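Numbering (UniProt numbering), first residue to last: 1 to 217. Ideal placement from N, C-alpha and C gives every residue a C-beta, glycine not left out. From a predicted model like this one, the values you see are computed outputs, not experimental measurements. A quick write-up on the structure given underneath.
Printed below as a string of structure tokens:
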């Protein structure tokens with residue numbers, strides 16, 4: 001509280017009071033990818049969502065501006081964060097393409113203090129593929145998918161970021177897991193005899209971002 005007293009030449013005196021506050025502190029905000037949109041392993045900052053939600057925390061109640069800067073491909077754009085019933089968040093207004101995005105939160109309070117979060121880099125990955133499916137013990141003409149082996153051996157070639165490959169010969173009712181034998185190569189040999197006749201093999205591959213693709217042979 002500031003008290004000011006003024007006196008003129010005639011001896012008249014007046015006093016006034018001024019209440020003021022010194023505020024030099026502001027919490028450091030944080031930003032994280034919503035766990036529901038972290039579609040890979042939790043905490044790996046990989047997602048196949050094109051409009052992922054981000055959770056902002058440690059935003060002081062006297063904040064007057066909460067902005068999120070997004071850098072992608074050398075271009076930085078700034079957006080207003082949204083305050084809802086459960087707190088502050090940010091969701092892109094337009095779909096993101098594949099690639100890396102670095103987000104930073106900037107908060108300003110009523111006193112003009114400014115605070116920045118540590119940058120968060122997330123990767124959007126919406127695609128995966130099955131490059132090839134091969135019957136290893138093809139005993140007929142090469143690549144005719146004919147074999148006299150009742151326990152067929154299959155080899156699946158996929159991108160390096162695939163972390164699960166499974167196979168089915170009954171239309172997806174039951175599945176078996178292939179084993180990664182080298183970078184991008186997965187193998188499986190049937191453990192029980194397969195009946196004579198034509199069969200349709202279904203292969204499903206899933207990458208670290210949670211993308212899944214299926215192909216048949």
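Looking at 81, 123 and 151, the one whose alpha-carbon comes closest to that of residue 161 is 123.
Just measuring C-alpha positions, the residue of 68, 83 and 82 sitting nearest residue 76 is 68. Closest in C-alpha terms to residue 70, from the list 49, 18 and 96, comes 96. Within a 10 Å sphere around the beta-carbon of residue 26 sit 16 or more other beta-carbons, which makes this residue buried. In the DSSP assignment, residue 20 forms no beta bridge with any residue. Residue pairing by DSSP places residue 115 opposite 107 in a beta bridge. Shortest Cα-Cα distance from residue 110 to any of 61, 31 and 38 involves 61.
Here the region 198-212 lies against the region 161-177, with 3 or more beta-carbon pairs under 8 Å apart.
Taking residue 91 as the centre and dropping the five residues before and after it, the same chain places the C-beta of 51, 52, 53, 54 and 82 closer than 8 Å to its C-beta, in chain order. Taken atom to atom, the span from the alpha-carbon of residue 213 to that of residue 143 is near 23 Å. In this structure, residue 114 sits away from residue 29, with a CB-CB distance that is not shorter than 8 Å. In its chain, beyond the 5 residues on either side, 6 have a beta carbon closer than 6 Å to the beta carbon of residue 14.
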